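Undergrad: Below is one structure. I have some questions about it.
Protein chains in written order, with the numbering used here: chain A, 947 to 1159; chain B, 78 to 455.
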């Protein structure tokens, strides 16, 4: 299924049944992107992510079973770039794959745009300016720090732990309510309707994502 | 005692079997040999027969409460103690009257009979309970099986026939018919997925109990995620949200509560015409936040407001273009999750028609205010 869908889109695919096979495969002939099912027969998918991350920056999109949010979060914290939950639509997976590849290229070219814009939202990181539909928005320091983190990882899901660590420091990793309060404030300031967000999406049980298109 | 292991239970039983005759002896000794009533010289407060009744009471207690072994021990000890302390030639086991032998025999027989009767009774009760549990499990399994097989078969049949159509005459069909058939396949597969998801969720709730991973969450987080989750299913439907950003943080399992909202929204989509909007609102009620989901469909069948939360209960289709699907588990899951958070959930038909579901969720205790300086840590 997956292979047909990917190959119709012009991607070349290689498959391996085991975690060890994946690690070896990436080592011998590095692909542009890895799609990793967390339910592997031999190695734990999270372990594969960890091993790959020791020497490779290849984008990893993990596939996990429904109801195993913890597993996803661990894989993301171990260095996976994104995830989809089974059962997922092909469109969803392709969107994740495209976003992960785009990010990888942007980093390679070291040309991360200083101005990010999507829909009516425009964020100028260098000048610390935020606009919604042409209107300047004032953000507090933590609000801006949070938004900057999201912009730098636009399109990618960020786990609660990662966001807390980056914005508030490693000792705040478990203080999820900071994050909830500030994300809520950001939404009130940036979203046209904060209950039906179009920019700052909640990934329930995992984290947040800033949309790119 | 409910938590004691079988071994310590046995120990307790035998300790009681020792205690009962001892207590009877002590009480009997005080009343029989003890202080006499003034002016009533030579007469005890109790006769020997009364003392015997005290022993019998002890044996009865042990026999009713425990198994046969302790009952036998209690009756033998009682007989021995009675003989030793209360049969003339006190403080010896010597018996010189045939009358007492009969007493002993009756006492022993009583103890044995009662203990074996209660033993049988207890066995009957436990086997009846087991049978009832089995019957209930059987009933649930059967209902589940028939519901599931029907609900899986219906979409499966649609998928199969659409696929067959496409294979047989796909090339000759007009493009819009082909698209329609393909859409049917997709929609029906989604329906099956929802059903299987609910089934899995229900069996998870039933087998492991409900394990909630609670953390501070804003209701807008959960509402936004639930709506996005249903993006495809909601299609062009208008969803009005009336949720203030000032609501306090909730102390909830966001994954479970998202499921509640998804199920309620799914119901609203299912039971109201596509042209009608769905309203989602939330308000603060002290230590709780109340969430409401309302639709503009035909409302609930009268009298079903409570039963709709029962497992496998289904509302039959009513109104044009509406159909009932699903195994009747969605609302049962909602109820389990909301109650697991200590909240309440109910449903009613509004005066102007349409169904409204309300549920409450707990607010985080002493949530600190944002930007209050509490977040700065050195």
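All residues carry an ideal CB built from backbone N, CA and C; glycine is no exception. Since this is a predicted model, take the numbers as computed values, not measurements.
Using a Cβ-Cβ distance under 8 Å, would residue 1065 (chain A) count as near chain B?
TA: By this cut-off, residue 1065 (chain A) is not an interface position.
Undergrad: Can you give me the start and stop residues for the alpha helix (DSSP H) that residue 1133 (chain A) sits inside?
TA: That run of the alpha helix (DSSP H) goes 1122-1136.
Undergrad: Using a 10 Å radius around the Cβ and a threshold of 16 neighbouring Cβ atoms, would you call residue 1114 (chain A) buried or exposed?
TA: Label assigned to residue 1114 (chain A): buried.
Undergrad: How would you list, in chain order, the residues of chain A whose beta-carbon sits under 8 Å from the beta-carbon of residue 46 (chain B)?
TA: Residue 46 (chain B) falls outside the range modelled here, since chain B spans only 78 to 455, and no answer is possible.
Undergrad: Run through chain D and tell me which residues come within less than 7 Å of residue 1140 (chain A), C-beta to C-beta.
TA: The structure shown contains no chain D; the protein chains it does contain are A and B.
Undergrad: What would DSSP say about residue 433 (chain B), mapped onto helix, strand or coil?
TA: Correct three-state label for residue 433 (chain B): strand.
Undergrad: Taking Cβ-Cβ distances below 9 Å as the criterion, which residues of the region 288-313 of chain B are in contact with chain A?
TA: Cβ contacts with chain A: 290, 292, 293, 294, 295, 296, 297, 298, 299, 300, 301, 302, 303, 304, 305, 306 and 309.
Undergrad: Nearest chain B C-beta to residue 1123 (chain A) closer than 8 Å, yes or no?
TA: Taking Cβ atoms only, chain B reaches closer than 8 Å to residue 1123 (chain A), which makes this a yes.
Undergrad: DSSP beta-bridge partners for residue 356 (chain B)?
TA: According to DSSP, residue 356 (chain B) bridges with B:317 and B:371.
Undergrad: Tell me, which residues are paired with residue 1081 (chain A) by DSSP?
TA: In DSSP, residue 1081 (chain A) forms a bridge with A:1078.
Undergrad: If you follow the beta strand (DSSP E) that residue 1067 (chain A) is in, where does it begin and where does it stop?
TA: Residue 1067 (chain A) -> beta strand (DSSP E) spans 1067-1070.
Undergrad: Taking C-beta pairs closer than 9 Å, name the residues in chain A that residue 326 (chain B) reaches, listed in chain order.
TA: Correct list: 1123, 1126, 1127 and 1130.
Undergrad: I'd like to know whether the C-beta of residue 1111 (chain A) is nearer than 8 Å to at least one C-beta of chain B.
TA: By this cut-off, residue 1111 (chain A) is not an interface position.
Undergrad: For residue 991 (chain A), which of helix, strand or coil comes out of DSSP?
TA: In this structure, residue 991 (chain A) counts as helix in the three-state DSSP scheme.
Undergrad: How big is the Cα-Cα spacing for residue 965 (chain A) and residue 357 (chain B)?
TA: Approximately 45 Å between the Cα atoms of the pair.
Undergrad: Pull up the DSSP beta-bridge partners for residue 183 (chain B), would you.
TA: Bridge partners of residue 183 (chain B): none, in fact.
Undergrad: Look at residue 334 (chain B) and residue 307 (chain B) and say whether their C-beta atoms are less than 8 Å apart.
TA: Not in contact: residue 334 (chain B) and residue 307 (chain B) (Cβ atoms no closer than 8 Å).
Undergrad: Give the secondary structure of residue 400 (chain B) by DSSP, where H, G and I count as helix, E and B as strand, and everything else as coil.
TA: Its pLDDT being 46, under 50, residue 400 (chain B) is placed unreliably in this model, and the value from its coordinates should be taken loosely. Here residue 400 (chain B) sits in coil by DSSP.
Undergrad: In chain order, which alpha helix (DSSP H) runs of at least 4 residues are fully inside the region 122-170 of chain B?
TA: Segments of the alpha helix (DSSP H) lying fully in the region 122-170 of chain B: 125-142 and 145-163.
Undergrad: If we count the other Cβ atoms within 10 Å of its Cβ and call it buried at 16 or more, is residue 101 (chain B) buried or exposed?
TA: Counting Cβ neighbours within 10 Å, residue 101 (chain B) comes out buried, since at least 16 surround it.
Undergrad: Give me the Cα-Cα distance between residue 1153 (chain A) and residue 273 (chain B), rounded to the nearest whole angstrom.
TA: The straight-line gap from Cα to Cα measures roughly 26 Å.
Undergrad: Count the CB pairs spanning the region 405-412 of chain B and the region 369-384 of chain B that are closer than 8 Å, and state whether there are at least three.
TA: They do not touch, by the three-pair rule.
Undergrad: Output needed for residue 282 (chain B): all residues of its chain with C-beta closer than 6 Å, excluding positions within five of it in sequence on either side, in chain order.
TA: The residues are 413.
Undergrad: Tell me whether the beta-carbon of residue 1150 (chain A) lies closer than 8 Å to the beta-carbon of residue 328 (chain B).
TA: No, these two residues do not count as a Cβ contact at 8 Å.
Undergrad: With distance defined between alpha-carbon atoms, name the residue in A:1014, A:1111, A:1138 and A:995 nearest to residue 972 (chain A).
TA: Among A:1014, A:1111, A:1138 and A:995, the Cα nearest to that of residue 972 (chain A) is on A:995.
Undergrad: Does residue 954 (chain A) get closer than 8 Å to chain B when you measure Cβ to Cβ?
TA: Judged by the 8 Å Cβ criterion, residue 954 (chain A) is not in contact with chain B.
Undergrad: Please state whether the Cβ-Cβ distance between residue 385 (chain B) and residue 345 (chain B) is less than 8 Å.
TA: Going by C-beta atoms, residue 385 (chain B) is not nearer than 8 Å to residue 345 (chain B).
Undergrad: Any beta carbon of chain A sitting closer than 8 Å to that of residue 370 (chain B)?
TA: Closer than 8 Å: no.
Undergrad: Within a Cβ cutoff of 8 Å, which residues of the same chain sit near residue 953 (chain A), ignoring the five residues on either side of it in sequence?
TA: These residues qualify, in order along the chain: 959.
Undergrad: With a threshold of 8 Å between beta carbons, is residue 332 (chain B) in contact with chain A?
TA: Chain A, which has a Cβ nearer than 8 Å to the Cβ of residue 332 (chain B), makes this yes.
Undergrad: Comparing the C-beta of residue 1148 (chain A) with each C-beta of chain B, is any distance below 8 Å?
TA: So, interface residue.
Undergrad: List, in order along the chain, the chain B residues whose C-beta lies closer than 9 Å to that of residue 1000 (chain A)?
TA: Result: empty, since nearest Cβ-Cβ is about 30 Å, beyond 9 Å.
Undergrad: Suppose the cutoff is 6 Å on Cβ atoms and the five residues either side in sequence are ignored; what does the same chain contact list for residue 337 (chain B) look like?
TA: 411 and 414, listed in sequence order.
Undergrad: Excluding the five sequence neighbours on either side, which residues of its own chain have a C-beta within less than 7 Å of the C-beta of residue 1067 (chain A), listed in chain order?
TA: These residues qualify, in order along the chain: 1078, 1136 and 1145.
Undergrad: For residue 1086 (chain A), which residues in the same chain have their Cβ closer than 6 Å to its Cβ, ignoring the five residues on either side in sequence?
TA: For residue 1086 (chain A), where only same-chain residues beyond five positions count, there are no Cβ hits under 6 Å.
Undergrad: How many Å lie between residue 89 (chain B) and residue 138 (chain B) at the Cα?
TA: Near 14 Å, if we compare the C-alpha coordinates of residue 138 (chain B) and residue 89 (chain B).
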